[in-house]
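**Student:**
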Amino acid sequence: MADEQLVDPDLAARVVELALQNGGEFAELFAEKRGGLAISIDESRVEAVQAGAEEGAGVRVISGGTTYFAHVDGLAAADLERAAEQASAAVRGERTEARPLRAAASAPQRIERRPEEVAVERKAELLRELDERGRAQGGEVAQLTASYSEGRRRVAVANSEGLLSGDDRTLVRLAAQAVARRGDQAEAGMETHGGHRGFELLAGDPAAIAEQAARKALTLLDADPAPAGTMPVVVGGGFGGVLFHEMTGHGLEADHVQKGASVYAGKLGERVAEPLLHAYDDGSMPGEWGTEAIDDEGTPTQRTPLVEEGRISSFLYDRLRAERDGVASTGNGRRESFRHLPIPRMTNTYIAPGDAKPEEMIAELERGFYAVSFAGGQVEPATGDFVFGVSEGYLIENGKPTRPCRGATLIGNCLEALAAIDAVGDDFEMKTGFCGKGGQRAPVGTGQGHVRIKALTVGGTAL
Amino acid sequence: MSELVDAAERAVEAALAAGATDAEAYAAEEAGREVRVYDGAVESLTAATERGLGLRAWNGQRAGYAYGTDLSEQGVAATAARAAEAAAAADEDEFAAPPRQAGDPPRVEGLLDAGSIELPTPEVVDLVLAVERTALEADRRIAGVEQTVYADSVERVAIRSSAGVAGEHEASSCYAYLQALAEADGGGRETGLGFGLARGPAGLDPVAIGREAAQRAVAMIGAGKPASRACPVVLDPTVAAGFAGLIGSTLAANAVQRGRSPFASMLGEEVAGEALVLHDDGLDPEGLASAPFDGEGVPRRRTALIEGGRLRTFLHDTYTGRRDGAGSTGSAGRSGYRSRPSAATSNLVVATGDLALEALLREAGEGVYITDVAGLHSGVNPVSGVFSVGASGQTIRGGALAEPVREMTIASDLVSMLRAVRAAGEEARWVPFGGSVRTPPLLVAEMTVSGS
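Protein sequence lines correspond, in order, to chains A and B.
Residues in the first sequence are numbered consecutively from 1, following the numbering used here.
Residues in the second sequence are numbered consecutively from 1001, following the numbering used here.
This is the structure in structure tokens:
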């Protein structure tokens, strides 16, 4: 692949210097060129074909504990200089000399088949296949919508410490949503397949997700209202990992921790879970949805242990927060685009496989709840209160998953729920998700095998 | 503005030259700033400018969309080519057609606070610091403020189409919010949100914003789990707004026509208690979503959605309006130039009633006052309307507020909840959750509360 240069290094150096004209300890240029395509099918009709292309840059200066930031559209010299002028306008500080830029090695993910080189008709055809496969699951499948999306972000980072690096990121994702209907009753099922990959991601049988989505919706037609109360909960693999993402991942982000707005503040090295729990954040996993060669500050991504043998091993850092704690960045400084400041974010976060058999984890329960998958979740890191919407769940009775349940929500407090994990399955799967924080959206991978929590509150309508 | 108009006109021409039979360009620019404050000092100061163009192209009955930030001759031509290509890839849809100009858009005064939106940044910083300081000094149990954020912007929009649509408009907005942390004597932290919205910083009351965050955080100290039961619930305006937003999204005709709304077959039917009156108002100058025209140039208006307990209409853009034969209600929403227009709410307005909050609580008798919900996006089935969401607030005992409660869920379904609305409070406020919503507190006769 011809490596087209996003910003000329001499220009980047000039912009960084200009950003320091009124002082500051640190200055940085983040340049980005992004483009993408989205297509969907609804009512068996291909529609909403949408293509976008944006380019622009953000310049930040850090001086005396304050971050000054400006962003502009466009990557011409005049655009970048305008951003540097605006960012530095209000700075009054000691002048720092910028170090000469030295290109750092960065190894973007290898993309076998560039999605933008695949004809749009092929993508439309794929969606028709999903539509057919989903609808073929039964006459009660009333609606099927599916979407294909591809995106490419080319980024370059240059800073006053002499760093010059870049990345070229390609994401492809397929999603299917089915609605099943019986009389007045309507239920939805959803499934996705995505990765930091090219069109090769969709080799094999990508349309299977439409069947899975339809099956989920059909299953829910037979569902009873979810129980309400506290009981043991077995969480399914894959997107079940969103549980750890919310319960622990967010609370380990250093910005929350440093402001005392996390229940994990002051708990580094402390035991918070049974020794069987090991969890990691790894932005370097090949091909995963949250994978990047470098973060959006130019720090190479890495595998960071979050919990090992039940103890908190590390927080998640960007540059700014790492410097405050006197540690190295963990490569988690991410931003939604050149229009945003980097903040500590998760990449691919997962609970490592344990040695329990998923069937046995369920078989040991007389009564409980089996949360196979979630629609999403939310946490307030400062209090640790979390909530998850269950998209597919079953009652466990006498060691077996029995009746499907609708409208279940899991609710609890991080520290209690984490300490209550008493089994981790030997299966493992990664899934794609989007995480929102501080008004910024980021693609994140979540993963785990089956995980059992001794006691958790299930909020349903059946009292 | 003239540059935007020029870009929009060039884009329409370029799309036609690229083979489109019709085209519509929406050019927008935004300039603003953001101030974040922590612990008495400025944490970050952002100067933001943004400009781009979204282009809808029709190829007969096929429609496509493209957007870009490059407004040069060449950049616009590239966007036009992509839009035309996108249209060619879509399937035919008999209702796809470019909107026509339906009369002159109304003049809406008060959308731009030209005086105060340009308040010098040092004065804005003082305002944000005052918000934080107010919260910190409001109560000895306030342990800190996680962050205090202020942002403002001026947005300009120009729209042009080959079918004769032409319009420009300009609006300013700003907001401030903070998250206060309260600590009980025995440890354990609680959070409280305070916020304010206005057309310019002169419209924000820093003391009221700071105090609200402190009060909300302190009120939650010592919260426990309530007992599971079905009981009356009073939703405070921030919570009522979230639900109103959800209901609004299910009343967008797109979801309705495709059978994905719990209200799909309920037009004209009884869907709510008489106390619940809901309008979509795209013209109220206080509503931050107000504009003379919608995302495809059709004049904004005020539309009754639920009145007299009955569902009066759905929200239509040109496409859904044609498909229903009902016509557009001026409800084509866009979140900037990157998004295709589609039917959505503008400002939702829930009518006020005549009860003070104390009277609502008295009427509730024994129940829960909900001041915060979590998981509105993951805990609601938008097709069936069944929901179960995380909640916190205060117990209502003997018709008055008692101890705080948390780690519970409230569950019902949207239609049952609307029908169970017994009364609306007399005091409404604008809330930025669930879109742009103005609502009073609401008394709901019964919901399932699930705690211990």
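Cβ coordinates follow ideal geometry from the N, Cα and C atoms, glycine included.
Just so it is clear, the structure is predicted and the values come from calculations on it, not from any experiment.
Can you find the residues in the same chain that come closer than 6 Å, C-beta to C-beta, to T1148 (chain B), ignoring five residues on each side of it along the sequence?
**Tutor:** Result list for T1148 (chain B): V1037, V1128, V1131, E1132 and L1178, in chain order.
**Student:** From which residue to which residue does the beta strand (DSSP E) around E1183 (chain B) run?
**Tutor:** Here the beta strand (DSSP E) through E1183 (chain B) covers A1166 to E1183.
**Student:** Could you name each continuous beta strand (DSSP E) segment of 3 residues or more that falls completely within the stretch 1363 to 1436 of chain B, going from the start of the chain to the end?
**Tutor:** Entirely contained in the stretch 1363 to 1436 of chain B, the beta strand (DSSP E) runs reaching 3 residues are, in chain order, 1367 to 1374, 1386 to 1397, 1400 to 1413, 1421 to 1424 and 1429 to 1431.
**Student:** Using a Cβ cut-off of 8 Å (strictly closer), state whether E297 (chain A) contacts chain B.
**Tutor:** No, E297 (chain A) does not count as interfacial toward chain B.
**Student:** With a cut-off of 8 Å, do at least 3 Cβ pairs link the stretch 363 to 379 of chain A to the stretch 224 to 242 of chain A?
**Tutor:** They touch, by the three-pair rule.
**Student:** Please state the DSSP three-state secondary structure of L1341 (chain B).
**Tutor:** The amino acid occupying residue 1341 (chain B) in the given sequence is Pro; Leu does not appear at that position. In this structure, P1341 (chain B) counts as coil in the three-state DSSP scheme.
**Student:** Distance cutoff 8 Å, beta carbons only. Does N1381 (chain B) sit that close to anything in chain A?
**Tutor:** Cβ-Cβ to chain A under 8 Å: yes for N1381 (chain B).
**Student:** At the 8 Å Cβ level, is M1 (chain A) part of the contact set with chain B, yes or no?
**Tutor:** A caution first: M1 (chain A) carries a pLDDT of 33, below 50, which makes its placement in the model too unreliable to give a value.
**Student:** Along the beta strand (DSSP E) that carries L1442 (chain B), what are the first and last residues, could you check?
**Tutor:** Note, L1442 (chain B): beta strand (DSSP E), L1442 to S1450.
**Student:** Verify the CB distance criterion: does Q86 (chain A) have a CB-CB separation below 8 Å to chain B?
**Tutor:** Closer than 8 Å to some Cβ of chain B, the Cβ of Q86 (chain A) qualifies, so yes.
**Student:** Give a yes or no on whether the minimum CB-CB distance between G1060 (chain B) and chain A is below 8 Å.
**Tutor:** Chain A, which has no Cβ nearer than 8 Å to the Cβ of G1060 (chain B), makes this no.
**Student:** Can you tell me whether A322 (chain A) sits near the ligand NAD, meaning its C-beta is under 7 Å from at least one heavy atom of the ligand?
**Tutor:** No copy of the ligand NAD appears in this structure; indeed no ligand is present at all.
**Student:** Against R406 (chain A), what residues of chain B qualify as contacts under a CB-to-CB distance less than 7 Å, listed in chain order?
**Tutor:** Within 7 Å Cβ-Cβ: V1386.
**Student:** Going by Cα to Cα distance, which pick from A:S106, A:E140, A:S149 and A:E94 is closest to V118 (chain A)?
**Tutor:** Closest option to V118 (chain A), Cα to Cα, is A:S149.
**Student:** Do R1033 (chain B) and L1112 (chain B) have their CB atoms nearer than 8 Å?
**Tutor:** Not a contact, by the Cβ cut-off of 8 Å.
**Student:** Return yes when the Cβ of P358 (chain A) is within less than 8 Å of the Cβ of D281 (chain A), no when it is not.
**Tutor:** No, the Cβ-Cβ distance between D281 (chain A) and P358 (chain A) is not below 8 Å.
**Student:** When you compare only the Cα positions, how much space is there between T347 (chain A) and I41 (chain A)?
**Tutor:** Rounded to whole angstroms, T347 (chain A) to I41 (chain A) spans 30 Å at the Cα level.
**Student:** Could you work out which residues of chain B lie near A213 (chain A), taking near to mean beta carbons separated by less than 8 Å?
**Tutor:** Correct list: empty, because the minimum Cβ distance to chain B is about 13 Å.
**Student:** Grouping DSSP H, G and I as helix and E and B as strand, with all else coil, what is S160 (chain A)?
**Tutor:** Coil at S160 (chain A), not helix or strand.
**Student:** Have a look at B:V1373, B:E1029, B:G1434 and B:E1003 and flag the residue whose alpha-carbon is nearest the alpha-carbon of S1153 (chain B).
**Tutor:** For S1153 (chain B), the nearest C-alpha among the options comes from B:E1029.
**Student:** Just to confirm before moving on: does the CB-CB distance between P300 (chain A) and S313 (chain A) stay below 8 Å?
**Tutor:** No, Cβ-Cβ distance for P300 (chain A) and S313 (chain A) is not below 8 Å.
**Student:** Compile a chain-ordered list of the residues in the stretch 61 to 89 of chain A whose CB is closer than 8 Å to at least one CB of chain B.
**Tutor:** Listed by position, the residues of the stretch 61 to 89 of chain A near chain B (Cβ gap below 8 Å) are G65, T66, T67, Y68, F69, A70, H71, V72, D73, G74, Q86, A87 and A89.
**Student:** Between the alpha carbons of A156 (chain A) and G166 (chain A), how many angstroms are there, rounded?
**Tutor:** Going from the Cα of A156 (chain A) to the Cα of G166 (chain A) covers about 4 Å.
**Student:** With DSSP as the reference, label K259 (chain A) as helix, strand or coil.
**Tutor:** Of the three classes helix, strand and coil, the one that applies to K259 (chain A) here is coil, per DSSP.
**Student:** Which residues in the same chain as W1430 (chain B) place their Cβ atom closer than 6 Å to its Cβ, once the five residues preceding and following it in sequence are excluded?
**Tutor:** Counting only Cβ-Cβ distances below 6 Å, and skipping sequence neighbours, we find L1197 and R1438.
**Student:** Cβ closer than 8 Å: which chain A residues qualify as neighbours of V1076 (chain B)?
**Tutor:** None at all; the shortest Cβ gap to chain A is about 11 Å.
**Student:** Using CA coordinates, which residue listed in B:A1163, B:A1240 and B:A1180 is at the minimum distance from P1441 (chain B)?
**Tutor:** Ranking B:A1163, B:A1240 and B:A1180 by Cα distance to P1441 (chain B) puts B:A1240 first.
**Student:** Applying the 10 Å Cβ sphere with the 16-neighbour rule, what's the burial state of A1041 (chain B)?
**Tutor:** When all chains shown are included, A1041 (chain B) counts as exposed.
**Student:** According to DSSP, simplified to helix, strand and coil, what is M1220 (chain B)?
**Tutor:** Of the three classes helix, strand and coil, the one that applies to M1220 (chain B) here is coil, per DSSP.
**Student:** Is there a Cβ of chain A sitting closer than 8 Å to that of L1197 (chain B), yes or no?
**Tutor:** By this cut-off, L1197 (chain B) is not an interface position.
**Student:** Ordered along the chain, which non-local residues of its own chain (more than five positions away) have a Cβ less than 7 Å from that of D10 (chain A)?
**Tutor:** Answer for D10 (chain A): no residue qualifies.
**Student:** Could you give the distance in angstroms between the alpha-carbon of V1125 (chain B) and the alpha-carbon of V1035 (chain B)?
**Tutor:** Rounded to the nearest angstrom, the two C-alpha atoms are 7 Å apart.
**Student:** Name the chain A residues that come within less than 8 Å of T1121 (chain B), Cβ to Cβ?
**Tutor:** Neighbours of T1121 (chain B) on chain A, chain order: A90.
**Student:** Interface residues of chain A around E1407 (chain B) at Cβ under 8 Å?
**Tutor:** In chain order: D385, I411, G412, N413 and T457.
**Student:** Can you give me the start and stop residues for the beta strand (DSSP E) that Y350 (chain A) sits inside?
**Tutor:** From DSSP, the beta strand (DSSP E) with Y350 (chain A) extends over N348 to I351.
**Student:** Per DSSP, what are the beta-bridge partners of L415 (chain A) in this structure?
**Tutor:** Note: L415 (chain A) sits in no beta bridge, so no partner.
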